[in-house]
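S.K.: The numbering of the sequence shown is this note's numbering, which starts it at 94 and goes up by one.
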Amino acid sequence: MHLIDGPTVHELLGYRSLVDALRLAHQAPMPEVQEVVLGEPGGDNARNLIVLPAWQRGALLGAKLVTVFPENPSRAEPVPANQGIYAAFDAETGTPVMVADGTALTLRKTAADSALGADLLARPDARSLLMIGAGALAPHVISAMLAVRPSINAIRIWNRTPERAKEIAAAMARDGFPIEVAERLDDALCEADIVSSATMAEVPLIHGDVLRPGCHVNLIGGWNPQMREVDDRTIERARLFTDSRSQCGSCGDFLQPVESGVMTWDDIEADLFELCGSSNLRPISPQDITLFKNCGGGHLDLFVAQELIRKIRHRTKANA
């Protein structure tokens, strides 16, 4: 059984190859997935253990185990609020195959999932990227977007707390990615070919009236009914897509406009399984605004685990 730490996960899962692996994985049927949430006994449901199992018949089964301890970042010795591991098993024998760092796997999965959406829907000649939010995901999302759109030559980042955006920009500049910190969000939205947002906003940050024709909007936050990153005007102007129809029902960016009558679930044109398969999608014109909602799910963790195991076996064979 392989034990894979975080740095090795990041080393092996390059974004271009991981996006290609996700594209191929979505040409197969959706794995069986579930979600189990266990709250702290006697607690107030702030602390949780979340288990996300997934099973693809004849290939792999596994589960991500994630702990949620919101107070961790404010401890005397801070640690992440969310931590976890991924355990994978052979689908024919049930034999344990791998245990990997779940935090690193999640970062890679989330960024690559969004990048696949952009690769399928954003203009091929996209040149400007706006990153909204400066959390741990931001550098990974930027790197993944650059992997699928190497034409990007202007990157801006906006965050409610500018100091955090400046930290991200400085860190990525040291790695050869010059990034400008945007002061006014609407001004930056007007100029972006790709807008990627990874926030916990409950009041929309992205205003549809200022988006330029041909813009691709890529949403990572808004994973519960209360959160929302785009306004109704964005929903009205954009062609709507998601990573999985079965996972998007509780995401506020879709659920809220459905409940208010701005859209229906049928307005979502396709998910990744349809986009990567034989979808009869109406061609996307250079003037179309496209919106991709990243909702996540245990099936994506399983797909990434499959690719990680493949890379491990390839490296082991090459070193033999």
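Using N, Cα and C, we set each Cβ at its ideal position, and we do this for glycine too.
Between Ala208 and Val112, how many whole angstroms is the CB-CB distance? I'm expecting something under 8 Å.
M.R.: So it is a contact: roughly 5 Å between Cβ atoms.
S.K.: Going by beta-carbon coordinates alone, are Leu198 and Ala285 separated by less than 7 Å?
M.R.: No.
S.K.: For Asp364, name the three-state secondary structure that DSSP assigns.
M.R.: Three-state DSSP puts Asp364 in coil, outside helix and strand.
S.K.: Three or more C-beta pairs closer than 8 Å, one from the stretch 318-329 and one from the stretch 297-306: is that the case here?
M.R.: Result yes; three or more Cβ-Cβ pairs closer than 8 Å.
S.K.: When burial is assigned at 16 or more other CB atoms within 10 Å of the CB, is Leu348 buried or exposed?
M.R.: Buried, since its Cβ has 16 or more Cβ neighbours within 10 Å.
S.K.: Touch check for the stretch 233-252 and the stretch 280-295: three-plus C-beta pairs under 8 Å?
M.R.: Enough Cβ pairs lie closer than 8 Å, so yes.
S.K.: Leaving out five residues before and five after Gly151 in sequence, what residues of the same chain have Cβ atoms less than 8 Å from its Cβ?
M.R.: Result list for Gly151: Ala184, Glu185, in chain order.
S.K.: Would you kindly report the start and end of the unbroken alpha helix (DSSP H) that includes Gly345?
M.R.: Here the alpha helix (DSSP H) through Gly345 covers 345-353.
S.K.: Can you tell me the Cα-Cα spacing of Asp381 and Ala181, whole angstroms?
M.R.: Their backbone Cα atoms lie some 40 Å apart in a straight line.
S.K.: Runs of 3 residues minimum, wholly inside the stretch 95-148: which ones carry the beta strand (DSSP E) assignment?
M.R.: Taking only runs of at least 3 residues, the beta strand (DSSP E) segments lying wholly in the stretch 95-148 are 95-97, 129-132.
S.K.: To the nearest angstrom, how far is it from the Cα of Arg375 to the Cα of Asn246?
M.R.: Their backbone Cα atoms lie some 29 Å apart in a straight line.
S.K.: Indicate whether Asn138 and Val161 have their beta-carbon atoms separated by less than 7 Å.
M.R.: No, these two residues do not count as a Cβ contact at 7 Å.
S.K.: Comparing C-alpha positions only, which one of Asn311, Asp268, Asn317 sits nearest to Arg332?
M.R.: Nearest option by C-alpha distance: Asn311.
S.K.: Below 8 Å, can you find three or more Cβ-Cβ pairs linking the stretch 228-235 to the stretch 142-149?
M.R.: Taking 8 Å as the limit for Cβ pairs, the verdict is that the stretch 142-149 does not touch the stretch 228-235.
S.K.: Verify whether the separation of the beta carbon atoms of Val190 and Gly177 is less than 7 Å.
M.R.: No, they are not a contact pair.
S.K.: According to DSSP, what are the bridge partners of Glu273?
M.R.: According to DSSP, which records beta bridges pairwise, Glu273 is partnered with Arg249.
S.K.: Using DSSP's beta-bridge definition, name the partner residues of Val192.
M.R.: Beta-bridge pairing links Val192 to Leu96, Ala180.
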